[in-house]
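A quick write-up on the structure given underneath.
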Amino acid sequence: MKIAIASGKGGTGKTTVAVNLAAHLSRRGIPLNFIDCDVEEPNARFFLGIDIGDTRVEQVPVPVIDEDSCLGESCRKCVELCRFKALICMAGTVMAFTELCHGCGLCELACPADAIKEGTRDIGESGIGRKDGITFFQGLLRIGEAMSPPLIKAVKARAENSGLTLLDCPPGASCPVVCSLQDVDYALLVAEPTPFGLHDLNIAVQLLRELHLPFGVVLNRAGMGDERVERYLEKEAIPLLAAIPHERAAAEAYSTGALLIDGVPGFADRFSDLVAAIEHQTGRTLG
Amino acid sequence: MKQLVVISGKGGTGKTSVTAALAGLGPAKVLADCDVDAADLHLVLQPEIKERWPFVSGEQPSIDPNLCTECGLCRTHCRFGAVSEDFRILPEHCEGCGVCDYVCPVGAVSMRPRVCGEQYRSETRHGPMAHAALGVGEENSGKLVTSVRREAKSLAEDRGFELVLVDGSPGVGCPVIASLTDADLAILVAEPTVSAVHDLKRVHDLTKHFRMPAALVVNKSGLNHDMESELLRYCELEGIPVLGSLPYDPIFTKAQIAGQSILEFDPNGLGENVRTIWSRLETLLA
Ligand code: SF4
Ligand code: SF4
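Quick note, the sequences are listed as chains A and B, same order. Sequential numbering of the first sequence, starting at 83, is according to this note's numbering. Sequential numbering of the second sequence, starting at 36, is according to this note's numbering.
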């Protein structure tokens with residue numbers, strides 16, 4: 083089973099929930115895959131104390147133009163068809179601006195002179211780490227690279243598809259999250275009990291409904307704000323899976339990179355509750 | 036005209052609270068919310084929307100089932116898995132490249148402009164505001180950010196304002212890059228935690244990549260002394276001016292619930308810190 087941990091915005095405790103859940107399960111002897119889909123800011127490994135190895139440069143396809151066969155100004159077919167303006171024709175020569183390219187391959191398909199071949203462009207790297215029954219996957223987007231979805235896909239592709247997989251999603255509700263949520267069975271939305279928290283939760287809920295993905299909510303920093311998130315969940319008939327209390331000790335443990343289940347008394351029980359709630363909602367055991 | 040952009044690498048560091056607080060200080064300015072994925076600035080500034088219009092970006096295909104012969108060519112050629120088994124376009128996967136349209140032998144695919152969200156021009160108690168809502172699950176957040184920035188700039192020109200203050204996007208990818216383009220200064224908000232220090236370095240690398248000057252605000256100060264000194268050491272080493280700090284304090288949440296900025300909610304407490312930050316900022320910009 084694949085369980086994604088997501089949130090409408092960053093900083094709600096998505097990674098905290100994901101890593102503590104992973105550590106809690108692995109200590110119960112349940113082996114799992116953990117995929118850190120936040121390739122812009124991959125942080126989960128710090129909390130799990132995992133070293134990344136087996137790194138691989140990940141690439142996307144881009145066009146390479148063979149100037150000798152290219153018909154240039156008299157054709158311009160690829161330039162006109164590319165919707166991402168990744169190709170231009172200057173002084174009779176077609177040039178590719180590969181950082182704008184989405185790798186769709188239309189130019190290559192359309193070229194009447196067979197002058198476009200497929201090359202590659204590096205977008206970042208993926209890596210794997212292992213510890214205590216957790217097989218960990220992450221990606222690191224190259225600085226200056228705008229498109230994260232292809233790297234997320236590459237990282238996900240390295241993970242095996244059997245057993246239990248937890249995916250720590252990037253924040254937001256746009257393409258990187260959609261791409262992370264693909265093929266997922268169940269999602270945990272992490273939300274804070276504040277006005278910002280409610281607003282962003284609502285966006286995440288809309289996204290999951292649109293994707294027809296079953297989900298429940300984990301309330302993080304419970305007690306820090308007001309009741310509006312709980313009222314919303316009730317009104318929308320969304321299951322509240324667990325509440326993790328707001329305590330300065332938790333914020334301090336987080337700041338040092340420690341796990342809450344180690345750093346704060348009573349927090350391990352919260353994650354037992356969460357596991358039970360997920361099992362109840364999905365009708366499947368995580369072990 | 037100067038453009039200030041508040042960014043943070045990681046979300047939830049208080050970027051929006053800082054932006055909202057700074058909005059209440061200094062000269063007349065235009066505000067822009069470029070965290071289009073999780074736009075929250077309006078929750079504090081309660082803008083009165085004066086104009087709204089659809090944000091159209093790129094194209095989206097649709098397949099006419101009456102013409103489609105189910106030959107499968109579009110599905111084979113689409114590299115993004117955006118054509119379903121029953122030959123419908125899955126908008127959440129579609130990049131709008133038009134390969135499907137190009138390969139379809141019977142002309143069953145048509146490409147139409149894609150509405151990806153909505154844009155607004157508003158008035159707030161701290162000045163005019165440009166903002167937007169990205170459609171759920173939509174891509175092109177970078178383009179929407181660019182469009183909001185353009186709108187903010189033209190608002191400032193119309194009114195003869197000298198400053199645009201932007202609540203930027205999290206991460207280091209396409210929306211942040213769009214948030215930073217042709218700004219004058221990036222205000223980095225970071226908390227003293229292991230992951231935030233790491234994220235700060237990534238986002239600072241990004242500002243360096245674009246040769247953009249940056250300055251730092253420490254939020255949740257006092258939470259972890261070791262991490263805080265590491266933050267400050269990093270800034271010293273990299274020559275990043277530190278504008279000031281805001282303590283770890285439940286007042287942030289209380290202000291949020293009251294729909295006020297920390298400057299308004301706690302003028303003599305956190306408000307003082309914000310004023311210090313502003314005055315250092317002014318010297319930097321001068
Ligand atoms: S692969 Fe697609 S995006 Fe890239 S240059 Fe060709 S047509 Fe443009
Ligand atoms: S426009 Fe491109 S991405 Fe969208 S369905 Fe057609 S081929 Fe696929």
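Just so you know, even glycine gets a beta-carbon here, dropped at the ideal spot from N, CA and C. On a predicted model such as this, the values are computed, not experimentally measured, just so you know.
- request: For Pro-205 of chain B, return the contacting residues in chain A, with the cut-off set at a CB-CB distance below 7 Å.
  value: Annotation: Cβ neighbours of Pro-205 of chain B in chain A (cutoff 7 Å, chain order): Gly-92, Pro-253.
- prompt: Quick one: what does DSSP say Val-266 of chain A is sitting in, helix, strand or coil?
  reply: Annotated three-state conformation of Val-266 of chain A is coil, per DSSP.
message: Quick test of the definition: if touching needs 3 or more C-beta pairs under 8 Å, does the region 152–163 of chain A touch the region 192–199 of chain A?
response: Yes: at least three Cβ pairs fall under 8 Å.
query: What three-state label does DSSP hand Pro-321 of chain A in the structure shown?
result: It is coil, neither helix nor strand.
task: Find out if the Cβ-Cβ distance for the pair Asp-250 of chain A, Ile-134 of chain A is shorter than 7 Å.
output: Result no, Cβ atoms of Asp-250 of chain A and Ile-134 of chain A do not sit closer than 7 Å.
task: Can you give me the start and stop residues for the beta strand (DSSP E) that Gly-201 of chain A sits inside?
output: Where Gly-201 of chain A is concerned, the enclosing beta strand (DSSP E) stretches over 198–213.
- prompt: Using the beta-carbon of each residue, which ones in chain B are nearer than 9 Å to Ser-208 of chain A?
  reply: Those do not exist, as Ser-208 of chain A stays about 16 Å from chain B at its closest Cβ, beyond 9 Å.
- prompt: Can the beta-carbon of Val-139 of chain A be found closer than 7 Å to that of Thr-180 of chain A?
  reply: 7 Å or more divides the Cβ of Val-139 of chain A from the Cβ of Thr-180 of chain A.
- prompt: Counting contacts by CB-CB distance shorter than 7 Å, is Cys-157 of chain A in contact with chain B?
  reply: Closer than 7 Å: no.
- prompt: Along chain B, which residues have their Cβ under 7 Å away from the Cβ of Val-260 of chain A?
  reply: Chain B residues near Val-260 of chain A: Glu-127, Gly-172.
message: Please report the straight-line C-alpha distance between Arg-109 of chain A and Asp-202 of chain B, rounded to a whole angstrom.
response: Straight-line Cα distance between these residues: approximately 41 Å.
Selection from A:Gly-201, A:Ala-192, A:Ser-230 that minimises the alpha carbon distance to Ser-208 of chain A: That would be A:Ser-230, whose Cα lies nearest to the Cα of Ser-208 of chain A.
- request: Please check if any C-beta of chain A sits within less than 7 Å of the C-beta of Arg-114 of chain B.
  value: Taking a beta-carbon distance threshold of 7 Å, Arg-114 of chain B counts as an interface residue toward chain A.
field: Chain-order list of residues whose beta-carbon lies under 8 Å from that of Ser-145 of chain B (same chain, five-residue window excluded)
entry: These residues qualify, in order along the chain: Pro-96, Ser-97, Asp-99, Asp-136.
task: Decide yes or no for the touch test of the region 239–259 of chain B against the region 283–295 of chain B: beta carbon pairs closer than 8 Å, at least 3 of them.
output: Segments in contact, yes.
- prompt: Val-150 of chain B: buried (16+ other C-beta within 10 angstroms of its C-beta) or exposed?
  reply: Exposed.
- request: Output, in sequence order along the chain, the residues in the region 226–258 of chain B whose CB is closer than 7 Å to any CB in chain A.
  value: Contact annotation: in the region 226–258 of chain B, residues whose CB is within less than 7 Å of a CB in chain A are Pro-227, Thr-228, Val-229, Ser-230, His-233, Asp-234, Arg-237, Asp-240, Leu-241, His-244, Leu-258.
- request: Give the range of the alpha helix (DSSP H) segment to which Phe-219 of chain A is assigned.
  value: Per DSSP, Phe-219 of chain A belongs to no alpha helix (DSSP H); it is in the beta strand (DSSP E), 216–223.
query: Exposed or buried, which one is Met-262 of chain B when buried takes at least 16 other CB atoms within 10 Å?
result: Of the other Cβ atoms in all chains shown, 16 or more fall within 10 Å of the Cβ of Met-262 of chain B; this residue is therefore buried.
- request: State whether the region 186–193 of chain B contacts the region 348–355 of chain A, with contact taken as three or more CB pairs (one from each stretch) at a distance under 8 Å.
  value: As far as the Cβ criterion goes, the region 186–193 of chain B does not touch the region 348–355 of chain A, which means the pair count is below three.
query: Can you name the residues of chain B whose CB is closer than 7 Å to the CB of Leu-223 of chain A?
result: Val-207, Gly-208, listed in chain order.
message: Please state the DSSP three-state secondary structure of Lys-84 of chain A.
response: Strand, per DSSP.
Within chain B, the residues that Pro-327 of chain A reaches when beta carbons sit closer than 7 Å: Ordered by position in chain B, no residue passes the 7 Å Cβ test against Pro-327 of chain A, which lies about 14 Å from the chain.
- request: Taking only beta carbons into account, state which residues of the region 314–346 of chain A come closer than 7 Å to chain B, listed in chain order.
  value: If the cut-off is 7 Å between Cβ atoms, the region 314–346 of chain A has Ala-333, Glu-334, Tyr-336, Ser-337, Thr-338, Gly-339 near chain B.
query: Would a check of beta-carbon distances place Glu-361 of chain A closer than 7 Å to chain B?
result: No, its Cβ sits nowhere closer than 7 Å to a Cβ of chain B.
task: Kindly list, in the order they appear in chain B, the residues whose Cβ is closer than 8 Å to that of Thr-276 of chain A.
output: The contacting residues are Thr-288, Gln-291, Ile-292.
- request: Provide the residue span of the alpha helix (DSSP H) that contains Asp-72 of chain B, from first to last.
  value: Asp-72 of chain B: not part of any alpha helix (DSSP H); DSSP gives it neither H nor E.
message: 7 Å is my cut-off, CB to CB: does Gly-274 of chain B come that close to chain A?
response: Taking CB atoms only, Gly-274 of chain B has no neighbour in chain A less than 7 Å away.
- request: Measure from the alpha carbon of Ser-214 of chain B to the alpha carbon of each residue in B:Lys-243, B:Val-71, B:Gly-59, then state which is nearest.
  value: For Ser-214 of chain B, the closest alpha carbon among the candidates B:Lys-243, B:Val-71, B:Gly-59 is that of B:Val-71.
message: Could you check whether the Cβ of Met-306 of chain A sits closer than 7 Å to any Cβ belonging to chain B?
response: At a cut-off of 7 Å between beta carbons, Met-306 of chain A contacts chain B.
Per-residue DSSP class, three states only, for Ser-92 of chain B: Three-state DSSP puts Ser-92 of chain B in a strand.
- prompt: Curious, which full-length alpha helix (DSSP H) runs of at least 4 residues does the region 259–312 of chain A contain?
  reply: Taking only runs of at least 4 residues, the alpha helix (DSSP H) segments lying wholly in the region 259–312 of chain A are 277–292.
- prompt: Taking only beta-carbon atoms, is Ile-212 of chain B less than 7 Å away from chain A?
  reply: Under the 7 Å criterion on CB atoms, Ile-212 of chain B is classed as interfacial with respect to chain A.
- request: Would you kindly work out how many angstroms separate the C-alpha atoms of Gly-131 of chain A and His-161 of chain B, rounded to a whole number?
  value: Rounded to the nearest angstrom, the two C-alpha atoms are 45 Å apart.
message: If I measure Cβ to Cβ from Val-146 of chain A and keep anything under 6 Å in the same chain, skipping five residues before and after, which residues do I get?
response: Same-chain partners within the cutoff: Lys-199, Gly-201.
query: Out of curiosity, what's the CA-to-CA distance linking Glu-83 of chain B and Glu-158 of chain B?
result: Rounded to the nearest angstrom, the gap between the Cα atoms of Glu-83 of chain B and Glu-158 of chain B is 5 Å.
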